[in-house]
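In the numbering used here, the protein residues as written are 6 to 381.
To start, the structure under review is shown below, and the notes come after it.
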């Protein structure tokens, strides 16, 4: 045993082991870095696949043709080195195109192509082919019409002048589609019992003569609609009318400090209203009194402000009326008597004048006769 440990080869072996251990300890960081670099290199060289969504670009004369039928976006599955796939996914520095430059009017099946993908990547476009409709382009401007359900307005309310932030829209589409448009409408959705103004951003629709939607592009696609909601009113005078017969045949007189009232409701009914007749019952009127009379505009769609008026019912007694009549009769009789007296005076004066004239004539006759006798 001692001979074994005393052998120079044993010491040489131990020295070699310690040398290896020392070398490993000193270079452990470098070894780990080498392993990581090898692993990273292996990762970069590994294959990877990824499906991404990209917009479909159309290569055509869009000033001359209106093109429809193609999807806005398509899916592309790419496969290749992991680093390239990741970079391509993040940058999307390629495009998918449909080349229509040599195609005329009509429907065509077109195979999609890509441009810009790295040659080390394989790819698959989905869908690979699309059906595209190419038509002559037409551009027209249309006025915008507003539609909404007026039945949703509260009772008695109506609408004023409707305003839009833009009154027309530019329509672009195929010639046949644009020529089939009958109107462009902005349909306003409303709730029931509307009592306040309506202000709403509304999408536009192009409709044909049958009310079907036409597939076109519009600029703008939406407009802001403002609809003023009003409660029409009219100021009318009131006409007081006594109904019934007062007690004991007494006369009545009606009066009120309220001379006119405001009536609100549909304009069509207000136009027919000239004044408001207020019936005042006087059957129980035995003395002057003030009554509160509710106003009735004659229609459930009309409302009055105020809703009632104060009416003064003035009652006159019969005795008072008779005394007044007698006084008036006495004055008349007095007037008549005075007139007769004047007439009698005139007659007496006339008679006196006639008698004097006769006496004078008689005297003149006597004088003439006496003269005649003397001459003889």
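Positions of the beta carbon are idealized from the N, C-alpha and C atoms, including for glycine.
8 Å Cβ cutoff met for residue 177 and residue 222: For the purposes of this step, residue 177 is taken as residue 172 along the chain shown, with counting starting at 1. For the purposes of this step, residue 222 is taken as residue 217 along the chain shown, with counting starting at 1. Yes, the Cβ-Cβ distance between residue 177 and residue 222 is below 8 Å.
Residue 236 versus residue 309: straight-line alpha-carbon distance, rounded: Locating residue 236 in the chain shown gives position 231, counting from the first residue. Locating residue 309 in the chain shown gives position 304, counting from the first residue. So the two alpha carbons sit approximately 12 Å from each other.
Classification of residue 228 by the beta-carbon crowding that lies within 10 angstroms, buried from 16 upward: Sequence index remark: in the chain shown, residue 228 carries index 223 (1-based). Classification of residue 228: buried, given that the 10 Å Cβ count is 16 or more.
Buried or exposed (CB count within 10 angstroms, at least 16 for buried), residue 207: In the chain shown, counting from the first residue as 1, residue 207 sits at position 202. Label assigned to residue 207: buried.
Exposure of residue 23, with buried meaning 16 or more beta-carbon neighbours within 10 Å: Indexing the chain shown from 1 puts residue 23 at position 18. Under this definition residue 23 is an exposed residue.
For residue 140 and residue 110, believed in contact at Cβ under 8 Å, the rounded distance: Taking the chain shown and counting its residues from 1, the one referred to as residue 110 is at position 105. Taking the chain shown and counting its residues from 1, the one referred to as residue 140 is at position 135. About 6 Å separates the two Cβ atoms, so the contact holds.
Residue 263 in three-state terms, based on DSSP: Here residue 263 refers to the residue found at position 258 when the chain shown is read from its first residue. It is coil, neither helix nor strand.
Test item: CB-CB of residue 285 and residue 252 under 8 Å: If you number the chain shown from 1, residue 285 lands on position 280. If you number the chain shown from 1, residue 252 lands on position 247. No, the Cβ-Cβ distance between residue 285 and residue 252 is not below 8 Å.
Contact check, residue 318 vs residue 261, beta carbons under 8 Å: Mapped onto the chain shown, residue 318 falls at position 313. Mapped onto the chain shown, residue 261 falls at position 256. No, Cβ-Cβ distance for residue 318 and residue 261 is not below 8 Å.
Distance between residue 102 and residue 186 (C-alpha atoms, nearest Å): Working through the chain shown from its first residue, we reach residue 186 at position 181. Working through the chain shown from its first residue, we reach residue 102 at position 97. Rounded to the nearest angstrom, the two C-alpha atoms are 32 Å apart.
Beta-carbon gap between residue 298 and residue 283 smaller than 8 Å: The residue labelled residue 298 in the question sits at position 293 within the chain shown. The residue labelled residue 283 in the question sits at position 278 within the chain shown. Yes.
Reduced DSSP category for residue 22 - H, G, I as helix; E, B as strand; rest coil: As a working note, residue 22 is residue 17 in the chain shown. Here residue 22 sits in helix by DSSP.
Environment of residue 243 [buried if 16+ CB atoms lie within 10 Å]: Indexing the chain shown from 1 puts residue 243 at position 238. Its Cβ being crowded by 16 or more others within 10 Å, residue 243 is buried.
Beta-bridge partners of residue 178, as assigned by DSSP: Locating residue 178 in the chain shown gives position 173, counting from the first residue. For residue 178, which the question treats as bridged, DSSP gives the partners 143.
Where residue 276 falls: helix, strand or coil (DSSP): As a first step, residue 276 is located in the chain shown; it is residue number 271 there, counting from the start. Correct three-state label for residue 276: helix.
Residue 179, buried or exposed, once every other Cβ within 10 Å from all chains shown has been counted against 16: What you label residue 179 is simply residue 174 of the chain shown in a count that begins at 1. By the neighbour-count rule (16 or more Cβ atoms within 10 Å), residue 179 is buried.
Residue 241 vs residue 202 beta-carbon contact at 8 Å: In the chain shown, the residue the question calls residue 241 occupies position 236. In the chain shown, the residue the question calls residue 202 occupies position 197. Result no, Cβ atoms of residue 241 and residue 202 do not sit closer than 8 Å.
Stretch-stretch touch, CB-based, cutoff 8 Å, three pairs: the stretch 161-169 with the stretch 259-275: yes
Contact under 8 Å by Cβ, residue 145 with residue 69: Residue 145 sits at position 140 when you count from the first residue of the chain shown. Residue 69 sits at position 64 when you count from the first residue of the chain shown. No, these two residues do not count as a Cβ contact at 8 Å.
Unbroken stretches of the beta strand (DSSP E), 3 residues or longer, contained in the stretch 59-142: Complete beta strand (DSSP E) runs here, min 3: 70-73, 78-86, 100-104, 111-116, 118-120, 127-131.
Segment contact flag, the stretch 78-94 with the stretch 52-59, C-beta cutoff 8 Å, min 3 pairs: Counting C-beta pairs closer than 8 Å gives three or more between the stretch 78-94 and the stretch 52-59, which meets the contact rule.
Of the residues 64, 264, 170, 138, the one placed nearest residue 106, counting alpha carbons only: As a first step, residue 106 is located in the chain shown; it is residue number 101 there, counting from the start. Checking every option, the nearest Cα to that of residue 106 belongs to 64.
CB of residue 135 within 8 Å of CB of residue 193, strictly: For this step, residue 135 is matched to residue 130 along the chain shown. For this step, residue 193 is matched to residue 188 along the chain shown. No. Outside cutoff.
Closest residue to residue 112 among 133, 99, 76, 72 (Cα-Cα distance): Start at 1 with the first residue of the chain shown, and residue 112 comes out as number 107. The residue among 133, 99, 76, 72 with its C-alpha nearest the C-alpha of residue 112 is 72.
Residues near residue 290 by beta carbon distance below 8 Å, same chain, minus five either side: For the purposes of this step, residue 290 is taken as residue 285 along the chain shown, with counting starting at 1. For residue 290, where only same-chain residues beyond five positions count, the Cβ hits under 8 Å are 251, 252, 255, 257, 318, 320.
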